[in-house]
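2 protein chains.
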Amino acid sequence: MSWIDDPAFAADKPFGPQTLPYGVVETADGPAVAVRVGDHALPLRPIADEFSQELAELVSADSLDPLLAAGRPAWSALRARLHELVTATAAPDGAELLPLAETRTRLPFTVGDYVDFYSSRNHAENVGKMFRPDGDPILPNWSHLPVGYHGRSGTVVVTGTDVERPSGQRKGDDGPVFGPSVRLDIEAEIGFVCGGPVARRVSTSNAADHVFGVVTVNDWSARDIQAWEYVPLGPHLGKSFATSVGAWITPLEAFAAARVPVPDPGHPRLDYLVEDSSWGLDIDLEVRWNGTVVSRPPFAGMAFSFAQQLAHMTVNGATVRPGDLFASGTVSGPEKRQRGSFLELSWGGKEPLTLDDGSERTFLQDGDTVVITATAPGPDGSVIGLSEVAGTIVGA
Amino acid sequence: MSWIDDPAFAADKPFGPQTLPYGVVETADGPAVAVRVGDHALPLRPIADEFSQELAELVSADSLDPLLAAGRPAWSALRARLHELVTATAAPDGAELLPLAETRTRLPFTVGDYVDFYSSRNHAENVGKMFRPDGDPILPNWSHLPVGYHGRSGTVVVTGTDVERPSGQRKGDDGPVFGPSVRLDIEAEIGFVCGGPVARRVSTSNAADHVFGVVTVNDWSARDIQAWEYVPLGPHLGKSFATSVGAWITPLEAFAAARVPVPDPGHPRLDYLVEDSSWGLDIDLEVRWNGTVVSRPPFAGMAFSFAQQLAHMTVNGATVRPGDLFASGTVSGPEKRQRGSFLELSWGGKEPLTLDDGSERTFLQDGDTVVITATAPGPDGSVIGLSEVAGTIVGA
C-alpha cells in the first residue's frame, strides 16, 4: 500500500503509478518540477536527495528544460526511481502532496519550434470537402508524406489559459472585412515533446530517443480567417493566436502497451518512412463542450505515427532540439461523433450540435469552455492518462 | 578625425559612423557583443565602463538578447553614446579593434518565432505563373494582406555557415521519389529583428518600437520538395533545412533617411494596415553567385512595409517577443536582373545564367557560394550598410 492516499492513484485510473506525468507547479519556493500522482502533484525539489546527483539537478530545476535535454537514459532512470518512491509504503523525507484543484501549473517547458501535422485521413477528407468543394478532397501528396506546417511557438499556452477571440480579415461580399472571428473552432490533437541531443535525419527506429513524452493539444482555429488567408502559403493568423497544451507530459515509456500498427496506406512507403515496429498509438480522446461530451476521436486510426512524422521533419537535414513540439493534426475518426473539430462536427456550421443544457452550437461562443482528455491502454490492464487541456473563450 | 584608422569607416562607405550595426564575435574572453566599424569589430565588454550602468550590463552580455529586450529608449541611448565613442579622437581605455577577416561571428540572438512574408508583387506573380500556370498568378487575398507563414526558427544560421543540400520527396513520373534536391534555390530578403516588451496588436504607428534592427536574409528553398509538399498547408521541408542571416544587425534608427512610401495598392487598406507615415524602405540588394553579380533587387517596391507586416502578424492577438524574426519575402523587381531567386532568374530552369567564369547555372550546384548584401541612403548623402549573408552549398 503506497503512502500516497489518493483513490485516483490506482492502476485502473488514468494517473496511477503506471503513468507518472511530469509538469511544473507553482510552490512557495517558486516554480518546481513535479510528477502527477492521482489528483495530486508531488514537487520533486523537496525530495531531490532521493535521486542520484545527476537526476537531483534535473528535478530541482524550475522547468522541464534540463530534463528534456538530458536524454533517454536519464528519463528511464528517473522514471524507475520515481516509481519506487511513489509506490513505497513510507513517504520520502520532505515529500508534500499538493491537491491539483488548489495548485497552479505553468507551461512546463520552453517551446522551440512547433510543427502541426495533418495526419488524420478523415479530417483531411472532411476539411477538403468543405474548403475545396470542387476538387478531390485528398490531395496527391497526402498519402505519401505527413503534410504539416510550422505554427507559432510563442503563443503556445498551458491549459487553463483563457483564449481571447481573435480578430482578422475574412472574405466579405465585396472584398475582405475585418472583425472578431465568427467561426472560432478547436482542433483536438495529440502532441509530442522532443528531447535528447540535437539531431538531424532521425530515423523511425531512433525517433523514440528524441521524444520525451506525450501531451494533449488544442490547436484553436479561426476558420473564417484561415479560409481567406491560407492560399498559397498555408494557415497563419487563423491559428497563431493560441495553441493550448496540457500541463502534464506523459512519458513516452508509459505507452509501451498502447502500440498499434499504423493503417496500411495501400501503397509502398518511401524507405525513410518505413517502421521496423510501428509507433501507432491506441489513444482515445474525449472532447467536452461546456461539459457535454461531443466527440471521442480515435488516435489509432492516424495515417502516420509520431516516428514517421519526426523522421519526415528531419529528413531534409533540419535539426530537432529539446523543447520542439509537434502535434498530430486534428484527430477525426470515420464516425460523426469521432470528429476532432467543430467545423466537422457541425459540417461547416450547417448542422448544429445540442449540448446537455439544451443550447445549440456550431462554432464557439464567448464564455464557452472546451476540455480535451485522453487515455490509452497500460500494462496489465491498467490505463494511461493524458491530462486535460482546457480553455475558455473570452470576447475580443 | 576618429581614432578608428580604417578607410572603410567613412560616411560614404556602408559601415561608417552613420551605420553602427550590432553583432556577436568570438573573443579570447568568450562571445562578446560588438559593433561593426568599417571592416573591424569593436567588442563592447572591454569598454563597458564608458556606458551607464544599465547600458554596461546590456553590452557585457554574450548575445544581443538582453539588448533586444531592453527596448527603444535603451537602443537610442546606446547608439548615441556609441557614436560619441567611435567618432572621438582618442580610443576609450581598453578598446580593441578586431579585423573582420580574422574574426568569427555567431548568430547574435536567440530566434523566437520566424515568420516569412511574401510581399513582392513581382515575386508573387513570377512564382504564381510557374507553380500555378492555369490560374491567376496573384490570388485574391494577396493585395489585401501581407501573406506569410511560419518558418523553422531552429535552423536559422549565421552567415558563413555551410548549407547542406537537403533531401526529400519530389514528384516523379510514377509517384514521389526521394533524393537530394535538384532545384536548390535562394531567396534574397530583408529581415526584421524584434525587441522591446512582449506585445499584442502592435499598430503600424508603434511598430518601430518593436523592431530593433534590420538584417540580410537568404531563405534557401528546395523548389522540387516545395512544389510537391506545399498544398494545402504551405512550405515545410522545402524551406526548413536552413535560413541564413547576416551577422550584423543594422539598427532601425539608421534608416531614417531611407523611408519611402509603399506603392499604392489601388484600393483602400483596412484600417489596421494604414500607416501615418510609411515605413517603406529604399534598400537596394545585390546578389552575387560565385562572385558574379546576378541581381540587384529593389526593396522600395515591396507592397507592404515591415510596420504593416508586424501589425498584421499581431492583429489577431498573437504576441511578438524579443528575438522574433520576420522577413519580407523574396525581393524581386520588375526587371529580369532584379529578381531575388534563381527560380525566377532562370525562369524555372529554362533560361540558364552565365557567370563571369563562363559557367552556366540554373539552380545551385555543390560548392556554389551566394553572397547577398544591401545598402540604403543615409543622412547627409551617406550610405547605410547591411552586412553580407553568405553561404556555400555542400553535398548531401
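These protein sequence lines map, in sequence, to chains A and B.
Here the first sequence is numbered in numbering that gives the first Met the number 0, starting from 0 and rising by one per residue.
Here the second sequence is numbered in numbering that gives the first Met the number 0, starting from 0 and rising by one per residue.
Backbone N, C-alpha and C fix where the C-beta goes; we use that ideal spot for every residue, glycine too.
Note that this is a predicted model, so its numbers are computed, not measured.
- Cβ separation of Ser397 of chain B and Val314 of chain A, assumed to be a contact under 8 Å, to the nearest whole Å: Look at the range of chain B in this structure, 0 to 395, and you will see that residue 397 of chain B is not part of it.
- Task: Examine the Cβ distances between the region 373-383 of chain B and the region 3-14 of chain B and report whether three or more of them are shorter than 8 Å.
- Result: Touching, per the Cβ criterion.
- Message: Looking at the secondary structure, which residues open and close the beta strand (DSSP E) in which Ser243 of chain B lies?
- Response: Secondary structure note for Ser243 of chain B: its beta strand (DSSP E) is the uninterrupted segment Thr242 to Val244.
- Where Trp247 of chain B and Ser59 of chain B are concerned, what is the direct C-alpha to C-alpha distance, given to the nearest angstrom? Roughly 17 Å between the two C-alpha positions.
- Tell me the DSSP bridge mates of Tyr148 of chain B? DSSP, once it has assigned bridges, lists B:Asp115 as partnering Tyr148 of chain B.
- Task: Output yes if chain A places a C-beta closer than 8 Å to the C-beta of Pro231 of chain B; else output no.
- Result: Chain A contact via Cβ: present.
- Message: List, in chain order, every chain B residue whose beta-carbon is nearer than 7 Å to that of Gln168 of chain A.
- Response: By Cβ distance, chain B contributes His143, Leu144 and Leu269.
- Beta-carbon of Thr392 of chain B versus every beta-carbon of chain A: anything under 8 Å? Checking the sequence shown, residue 392 of chain B turns out to be Ile, not Thr. The beta carbon of Ile392 of chain B does not come within 8 Å of any beta carbon belonging to chain A, so the residue lies off that interface.
- Apply the 10 Å Cβ neighbour rule to Val292 of chain B and answer buried if 16 or more other Cβ atoms are within range, or exposed otherwise. Exposed is the call here.
- Would you say Ser340 of chain B and Thr353 of chain B are within 8 Å of each other, going by their C-beta atoms? Going by C-beta atoms, Ser340 of chain B is not nearer than 8 Å to Thr353 of chain B.
- Message: Which residue marks the beginning of the beta strand (DSSP E) containing Glu49 of chain B, and which one marks its end?
- Response: Unbroken run through Glu49 of chain B: none, as it is neither H nor E.
- Taking only runs that begin and end inside the region 303-388 of chain A, name each unbroken alpha helix (DSSP H) of 4 or more residues, in chain order. Entirely contained in the region 303-388 of chain A, the alpha helix (DSSP H) runs reaching 4 residues are, in chain order, 305-313 and 341-344.
- Item | Residue environment, Thr88 of chain A, which counts as buried when at least 16 other CB atoms sit within 10 Å | Burial call: exposed.
- Select from B:Pro16, B:Pro196 and B:Ile3 the residue whose C-alpha is nearest the C-alpha of Pro250 of chain B. Out of B:Pro16, B:Pro196 and B:Ile3, B:Pro16 has the C-alpha closest to the C-alpha of Pro250 of chain B.
- Between Ala306 of chain A and Ala40 of chain A, what straight-line distance do the alpha-carbon atoms span, to the nearest angstrom? So the two alpha carbons sit approximately 30 Å from each other.
- How about Asp365 of chain A and Val393 of chain A: are their beta carbons less than 8 Å apart? Yes; because the gap between Cβ atoms is below 8 Å, this pair is in contact.
- Got a sec? Which residues, its chain only, sit under 6 Å from Leu309 of chain A by beta carbon, not counting five neighbours each side? The residues are Val201 and Ala206.
- Could you list which residues in chain A have their beta carbon closer than 8 Å to that of Asp112 of chain B, in chain order? By Cβ distance, chain A contributes Arg151, Ser152 and Gly153.
- Which residue's Cα is closest to the Cα of Ala299 of chain A: A:Ala27, A:Ser327, A:Asn289 and A:Gly290? Each of A:Ala27, A:Ser327, A:Asn289 and A:Gly290 was checked against the Cα of Ala299 of chain A, and the nearest Cα belongs to A:Ser327.
- Message: Can you check whether the C-beta of Ile224 of chain A is within less than 8 Å of a C-beta belonging to chain B?
- Response: Chain B, which has a Cβ nearer than 8 Å to the Cβ of Ile224 of chain A, makes this yes.
- Task: Taking only the alpha-carbon atoms, compute the straight-line gap between Met312 of chain B and Asp323 of chain B and give it to the nearest angstrom.
- Result: Just so you know, the alpha carbons of Met312 of chain B and Asp323 of chain B end up roughly 11 Å apart.
- Check whether Gly245 of chain A and Leu385 of chain A have beta carbons under 8 Å apart: For Gly245 of chain A and Leu385 of chain A, yes; Cβs fall inside 8 Å.
- Message: Given this structure, state the Cα-to-Cα distance separating Thr26 of chain B from Arg103 of chain B, to the nearest angstrom.
- Response: Their Cα atoms are separated by approximately 8 Å.
- Query: Closer than 8 Å, CB to CB, is Gly265 of chain B near chain A or not?
  - Reply: Not one chain A Cβ lies under 8 Å of Gly265 of chain B.
- Nearest-angstrom Cα distance between Leu342 of chain B and His209 of chain A? Rounded to whole angstroms, Leu342 of chain B to His209 of chain A spans 35 Å at the Cα level.
- Task: Starting from the beta carbon of Asp163 of chain B, find every residue of chain A whose beta carbon is closer than 7 Å, and list them in chain order.
- Result: As written in the sequence, residue 163 of chain B is Glu, which differs from the Asp given in the question. Going along chain A in sequence order, the residues near Glu163 of chain B (Cβ under 7 Å) are Gly316.
- Message: Here's a check: name, in chain order, each residue in its chain whose Cβ is nearer than 6 Å to the Cβ of Arg35 of chain B, leaving out the five neighbours to either side.
- Response: Contacts found: Phe14, Pro20 and Trp247.
- Message: Let me see if you follow: with CB-CB separation under 8 Å, is Ser239 of chain B close to chain A or not?
- Response: Yes, because at least one Cβ of chain A sits closer than 8 Å to the Cβ of Ser239 of chain B.
- Message: Taking 7 Å as the limit between beta carbons, can you name the residues of its chain near Ala47 of chain B, skipping five residues before and five after?
- Response: Around Ala47 of chain B: Ala55, Val58 and Ser59.
- Message: What would DSSP say about Val273 of chain B, mapped onto helix, strand or coil?
- Response: DSSP, reduced to helix, strand and coil, places Val273 of chain B outside both helices and strands of the structure shown, so it counts as coil.
- Task: Would you mind working out which of B:Ser239, B:Ala76, B:Phe191 and B:Leu144 sits nearest Phe303 of chain B, comparing C-alpha positions?
- Result: Per the Cα distances, B:Leu144.
- Using only alpha-carbon positions, find the residue among B:Met301, B:Gly195 and B:Ala33 that is nearest to Arg44 of chain B. With distances taken between Cα atoms, Arg44 of chain B lies closest to B:Ala33.
- Message: For the alpha helix (DSSP H) containing Ser75 of chain B, name the first residue and the last one.
- Response: Where Ser75 of chain B is concerned, the enclosing alpha helix (DSSP H) stretches over Arg71 to Thr86.
- Close-in-space but distant-in-sequence residues of the same chain around Pro6 of chain A (CB under 8 Å, 5 per side omitted): Within the same chain, Pro6 of chain A has close Cβ partners Lys12 and Gly37.
- Query: Does any C-beta atom of chain A lie closer than 8 Å to the C-beta of Glu274 of chain B?
  - Reply: No, Glu274 of chain B does not count as interfacial toward chain A.
- Looking at C-alpha atoms only, which residue of B:Pro30, B:Ile189, B:Asp64 and B:Asp4 is the closest neighbour of Arg105 of chain B? When only C-alpha atoms are compared, the closest one is B:Pro30.
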